[in-house]
Amino acid sequence: MRHLLRRIGFYLVALWASITLNFLIPRLVPGNPAQVLIARLQGRIDPRAEHAMEIAFGISHDSLWRQYFEYLGNLAHGNLGISVTYFPTPVATVIGQDLPWTLALMGTAVVLSFVGGTLLGIIVAWRRGSRLDALLTPALTFLSAIPYFWLALVMLYVLGFVLNWFPLSGGYDLSTEPGWTPAFLLSAFQHALLPAFTIVISSIAGWLLGMRNAMMTTLSEDYVLMAQAKGLSQRRVMLAYAARNAILPNITGFALSLGFIVGGALLTEIVFSYPGIGFALLQAVQNSDYALLQGIFLIIAVAVLGANFLADLIYVALDPRVRQERS
Amino acid sequence: MQLNKLKTEVGVPQVTPQLPFSRASVATRSVPLHHNTRGELQRESRWRTGGSWLAANPKVAIGLGIVGFFLLVAILGPLIIQQDPTALSSAVLQPPSSAHWLGTTQTGQDVFAQVVVGTRTSLLLGLGTGLMATIVSVIVGLIAGYCGGLIDDVLSLFINIFLVVPAIPLAIIMAAYFPFRGPLPIAIIVTITGWAWGARVLRAQTLSLRRREFVEAARASGETTLRIIFAEILPNEIAVVAAGLVGTMIYAILAQVGLEFLGLGDVTTVSWGTIFYWAQNNEALLLGAWWWFLAPGLCVALLGAGLAFINFGIDELANPRLRKERRAKKPSQAKKAVA
Amino acid sequence: MIPRSTISFVYGRGRVFALISLLLVLITLLAACGSSLNTNTARQGGTLTMVPGPVGDYTRNFNVFANGSVLNGTQGLIYETLLFFNREDGSVKPWLASSYQFSSDATSITFKLRPNVQWSDGKPFTSADVLFTLRLIRDHPAIDYSGLWTVITGMTAPDAHTVIMKLKRPWVPILWYLGGQTYIIPQHLWSSVSNPVTYTNPDPVGTGPFVLKSFTPQLYVFDRNPHFWQPGKPYINEVRYPSFNSNTSADLLLSQGSVDWTGLFTPDVNKTFAQRDPAHNHYWFPPSDVITLYPNLTKYPFNLLAVRQAISAAIDRNTLYRIGENGYEPPSHPTALVLPANQSFLSSTYAHTSFALDTARASSLLGRAGFKKGSDGIYVDKNGRRLAFNINVVSGWTDWVTDCQIMASNLRAIGMDVKVNAISFNSYYSALQTGSFDTAISYTNTGPSPYYLYNSLLASINTAPIGQPATSNWERWSDPTTDTLLQQYASSADPAVQQEALSGIQKIMVEQLPTIPLIYGATWYEYSTTRFVGWPDQQHPYAVPAPYAAPDVEVVLLNLHQV
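Residue numbers (our numbering), protein chains in the order written: chain A, 4 to 330; chain B, -13 to 325; chain C, 27 to 589.
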């Protein structure tokens, strides 16, 4: 219990640190969104208009401390501010519209990658020294060293453009209306296939290798030897004795990577023109859109912290030794 | 996640110390014992071990070969390539030919020259940043693990905060707001986002080593804390540090290439990442100019794979249970997977 | 219907005559049918898909005043302007206003509004709406992008179809901003809006040819407005705007023929687009503005005319055009007039002037100004200062980065030590505004005549001392003659007086080189005639053809019809 309380305390501090970092970084640099907008418009601007725009955008020239407390106060009310890029839409709306796509795509891809990688890792570890190990492990390692965006671009070009097997862009076929209809869900599924496939390919090696190594070490434990001596079937030993213990680090790794789902889809979205908040983040950076930037960063930080907390809980639940010792 | 995925890879013992293999002492003797053909216990000379070990582990040999090759290219390449890789010409978007081994770009620049000259920048940045991040993680991790108490609490807090702060968005934000562009901002950003993992692992290792007899002995004989940490404990963790170093280097290379691809580096310099950036901005794919982005991509992948293979070797060195079974192989034994 | 005389001929001697008459009658009948077909060739119907640019997912923002973030089509397709200015030839057409008249001293303008115009909800459009729109702009300076109320002093509406604007001083250019760039909104719906600056206007009601049919973040659709004031128009039934995150994916779709109209930069438009279907895939990139090298005139040595002339003579604009800009953006005319759009304003003195690469002239100019080449090949002045400087550019604008690299190598070749400074947009823009740069490459602001470019670039009111933010005159040109000429243009509605002023400014541009014009900026425009015809092109430049140009997008869509 004490352990849990300590962890909660830590996460609160981490949240505060993220928020503050988030607040500081854009403000340490010259320029503000009003200027960016004016430049984008390339128009004659009356100095009064620029000033008025700054007010409308919520750009204040108050001291940093005052801005900071105002920011914290707004946050407490759930007011994430108004986006400059999509002025005058509130940031919460922009995020709310993009987030589900990111979660759906990345969530599915990560789960698939984890499950696939772990299973393969178990098999490969069991058949250590076999041709499967000798082939699969280096091949997947090589794949995971390929820069993701490069892999994505090549797949898009070859499988989408040249061979026409997959749609080229978007989250769904624009002739269908979004909604919980079979037509929409089918087209959303079709459009998610290629992006998800590239994500899985490039990340599966990590899970596989982690599981493989953990398995190989576990397989040398005495209780595994004992189980085999008792005459249990290979499968039972592999799954119920070895894998069950070896999977612990991978599970916590999985919980952690859930947190990175929200932040990690940027390159996918750019290459596949897939809807989501990664692209919104890039836009926010380019347009000095502080409010949107902070909003997205906050969501990501909360997701990551939440996932970490989840990982801690899982670990406590799965491994009794943690409950007894100090971590 | 794409840039962080390699954290969950090869051999770096993950998460917290209470792991099934924590009892497997990572602080093994640096020279292995084995039974020779006469059944006697023998200690081999280091070099013989190294040579035959390399032969027995083709993956590691390949890895070292690849990295060595790129290092050679990085050192010698710009000296051999006479032409200026940024020189424009009218030979626009030519496929590979005898005049241009890897073809040309949209502005007539020679891709081969760019890849070779860019190797130095990319490699130096990647390896250098990896080293920087590892040094930071070693210092923080070891001190936190050994000292305990308040120091440990504070340092742990830092480690955990930097672990949970999402790397890509932070990297993008920082890179976009730096007043100047270039390798230095990228190096700083990658270091800031990359040191925490290694620190956490090392801290865990140090915690478990803290109570070992040799540490007690050193403490009893009056050695200073710093000396104990860096002269006693560190050498026993060298395998973990090495694995972490290589892993961080892979992360650094991929992160740097990713950031430059997004245009957050200095686009007027030549490196693998900026080649991607220009290729992407000039729609190389759409124009069918596969030669423009194929070479840099393969280089990054090869280098990353080479480093990962080296990591295999380090893992196996550190954790004997991961080693391949090399003794008298009976056909029936090949089926059993017992170490 | 065969005339009786023909019947009698058939049975008589004039058989041939009869046949010929029959033929003539048939031909006449056919011709009659044909001509009636001609008047109805504009088929009704069709759905057009357009991509103005990759902006990512949409947010439901139809606030016509939100210039940077309002959804494309709101300005023009839903809301309209009083007049239509065709920037491709400088002509003006009546639109919501059927006529306008300047008073003799040019301090007031009278607009006569078109009768029988309705809002899409059926209510009538009257002068009250125009007054309301302008009052809103006055009360909320944040949306007064053109600074209308720095010139307008008052307005009245003597009747439902007349509006009189009073100006503080004679300023003819206001017609462009007021008549061509201000969109009229309905008083009966906007009077209840508390803050028009932050209002998202989710269900827009306007006088334009289209109304909103549906909206999702990835796609929004307009339907034709049955109440539109031009009879029979629009011919098109529906306009679709799918969203894109990047040029790549939009370009891929363009290559496949799934869109009708885009405004995308694509590196080899011939190969990726035109050649895929030469019969239907077309493009046209008319010049839109002048890409200019801004020297910081307050800094030595850019205050020396000889140095500016030398720099200009040493730059190979053809390479910028062919290699830096993929052959899309030809060298600018030395007067900085956008040609051929501004052809009618070109002074005869400069009809045949053009930029030419002349490194010999550059060297002799520098020599006569007292520069000598040092041992490292770089020019040095009498006091030992090296001729070395930076060119600022935004690192994400890759074609300009390439241009700067080309210029730097041109200038290094003749003996100037030039470096390219590719920086973030924030830093770049800040440096321009506060004057903390050596030289920088940037665009210019244009309008229906060269006055707007000259005013923005050269008027001393648009500049500021170093350290203070300048609006647009970043090079810090401050010259009483220029200001007088600009004033002369702006205070007279007489085209002859205006042209005299413009000729005078052209002389200043060419002889004194306050900035160094490089190449033209391009209007990106690709279209397909597979489904629709009536597009603007080089022979019919009836509007700025880019899908992101407003309100020109309206004029183009009104002209299009199915094949």
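Where is the CB? At the ideal position from N, CA and C, for every residue including glycine.
Rounded straight-line distance, which links the Cα of residue j to that of residue i
{"i": "glutamine 28 of chain B", "j": "tryptophan 181 of chain B", "result": "Model confidence at glutamine 28 of chain B stands at a pLDDT of 48, short of 50, so the residue's coordinates are unreliable; what they give is reported in the following sentence. C-alpha separation (whole angstroms): 40 Å."}
{"i": "isoleucine 121 of chain B", "j": "serine 435 of chain C", "result": "41 Å"}
{"i": "serine 615 of chain C", "j": "tyrosine 455 of chain C", "result": "Residue 615 of chain C is absent from the structure shown; chain C starts at 27 and stops at 589."}
{"i": "threonine 274 of chain C", "j": "valine 274 of chain A", "result": "8 Å"}
{"i": "serine 142 of chain B", "j": "leucine 284 of chain B", "result": "38 Å"}
{"i": "aspartate 402 of chain C", "j": "valine 444 of chain C", "result": "14 Å"}
{"i": "threonine 428 of chain C", "j": "glycine 350 of chain C", "result": "5 Å"}
{"i": "leucine 156 of chain B", "j": "asparagine 329 of chain C", "result": "43 Å"}
{"i": "glycine 168 of chain B", "j": "leucine 250 of chain B", "result": "8 Å"}
{"i": "proline 562 of chain C", "j": "proline 577 of chain C", "result": "14 Å"}
{"i": "valine 156 of chain C", "j": "isoleucine 487 of chain C", "result": "29 Å"}
{"i": "serine 554 of chain C", "j": "phenylalanine 247 of chain B", "result": "32 Å"}
{"i": "asparagine 268 of chain B", "j": "isoleucine 154 of chain B", "result": "24 Å"}
{"i": "leucine 437 of chain C", "j": "alanine 522 of chain C", "result": "41 Å"}
{"i": "tyrosine 320 of chain C", "j": "tyrosine 477 of chain C", "result": "19 Å"}
{"i": "proline 150 of chain C", "j": "alanine 276 of chain C", "result": "40 Å"}
{"i": "proline 185 of chain A", "j": "glycine 281 of chain A", "result": "27 Å"}
{"i": "serine 129 of chain C", "j": "leucine 201 of chain C", "result": "13 Å"}
{"i": "alanine 283 of chain A", "j": "leucine 171 of chain A", "result": "20 Å"}
Pick from the options that is closest to residue i, judged by C-alpha positions
{"i": "leucine 308 of chain A", "options": "A:Phe275, A:Met4, A:Ile22, A:Thr220", "result": "A:Ile22"}
{"i": "methionine 191 of chain C", "options": "C:Trp202, C:Val570, C:Thr152, C:Thr179", "result": "C:Thr179"}
{"i": "threonine 105 of chain B", "options": "B:Ile67, B:Val124, B:Ser83, B:Pro81", "result": "B:Ile67"}
{"i": "proline 360 of chain C", "options": "C:Gly353, C:Pro80, C:Ser338", "result": "C:Ser338"}
{"i": "threonine 91 of chain B", "options": "C:Asp185, C:Asn352, C:Tyr405", "result": "C:Asn352"}
{"i": "serine 329 of chain B", "options": "B:Lys45, B:Ala60, B:Arg196", "result": "Residue coverage of chain B in this structure runs from -13 to 325, which leaves residue 329 of chain B outside it and unanswerable."}
{"i": "asparagine 89 of chain C", "options": "C:Thr75, C:Thr224, C:Ala496, C:Ser453", "result": "C:Thr224"}
{"i": "leucine 242 of chain A", "options": "A:Gly84, A:Ala258, A:Ile125, A:Gly234", "result": "A:Ile125"}
{"i": "valine 96 of chain C", "options": "C:Arg302, C:Asp520, C:Tyr209", "result": "C:Tyr209"}
{"i": "valine 118 of chain A", "options": "A:Leu27, A:Ala294, A:Phe282, A:Val203", "result": "A:Val203"}
{"i": "proline 199 of chain C", "options": "C:Thr541, C:Thr182, C:Pro571, C:Gln513", "result": "C:Gln513"}
{"i": "phenylalanine 311 of chain C", "options": "C:Leu193, C:Asn296, C:Lys408", "result": "C:Asn296"}
{"i": "arginine 412 of chain C", "options": "C:Cys430, C:Asn418, C:Leu392", "result": "C:Leu392"}
Buried/exposed call for residue i, threshold 16 Cβ in 10 Å
{"i": "alanine 58 of chain C", "result": "Residue confidence is low: alanine 58 of chain C scores 48 on pLDDT, short of 50, so the model does not pin down where it sits. Its coordinate-derived value is still stated next. Under this definition alanine 58 of chain C is an exposed residue."}
{"i": "glutamate 355 of chain C", "result": "buried"}
{"i": "glutamate 199 of chain B", "result": "exposed"}
{"i": "methionine 229 of chain A", "result": "exposed"}
{"i": "proline 18 of chain B", "result": "Here proline 18 of chain B scores only 42 on pLDDT, less than 50, and its place in the model is too uncertain to base an answer on."}
{"i": "glutamine 212 of chain B", "result": "It is worth fixing the name first, because residue 212 of chain B is leucine in this sequence and not glutamine. Counting Cβ neighbours within 10 Å, leucine 212 of chain B comes out exposed, since fewer than 16 surround it."}
{"i": "leucine 166 of chain A", "result": "exposed"}
{"i": "proline 260 of chain C", "result": "buried"}
{"i": "leucine 143 of chain A", "result": "buried"}
{"i": "alanine 287 of chain A", "result": "buried"}
{"i": "tryptophan 601 of chain C", "result": "A query on residue 601 of chain C cannot be resolved here, the shown segment of chain C reaching from 27 to 589 and no further."}
{"i": "glycine 148 of chain C", "result": "exposed"}
{"i": "proline 573 of chain C", "result": "buried"}
Test item: CB-CB of residue i and residue j under 8 Å
{"i": "histidine 187 of chain C", "j": "leucine 139 of chain C", "result": "yes"}
{"i": "serine 475 of chain C", "j": "phenylalanine 381 of chain C", "result": "no"}
{"i": "isoleucine 11 of chain A", "j": "glycine 120 of chain A", "result": "no"}
{"i": "glycine 134 of chain B", "j": "threonine 234 of chain B", "result": "no"}
{"i": "proline 334 of chain C", "j": "leucine 162 of chain C", "result": "Here residue 334 of chain C turns out to be arginine, not proline, going by the sequence shown. No, these two residues do not count as a Cβ contact at 8 Å."}
{"i": "asparagine 418 of chain C", "j": "alanine 367 of chain C", "result": "no"}
Rounded Cβ spacing between residue i and residue j (contact assumed at less than 8 Å)
{"i": "isoleucine 492 of chain C", "j": "threonine 460 of chain C", "result": "7 Å"}
{"i": "threonine 96 of chain A", "j": "alanine 268 of chain A", "result": "Not confirmed; about 19 Å, so no contact."}
{"i": "tyrosine 480 of chain C", "j": "isoleucine 545 of chain C", "result": "Actually they do not touch by this definition, with Cβ atoms about 18 Å apart."}
{"i": "alanine 448 of chain C", "j": "valine 253 of chain B", "result": "5 Å"}
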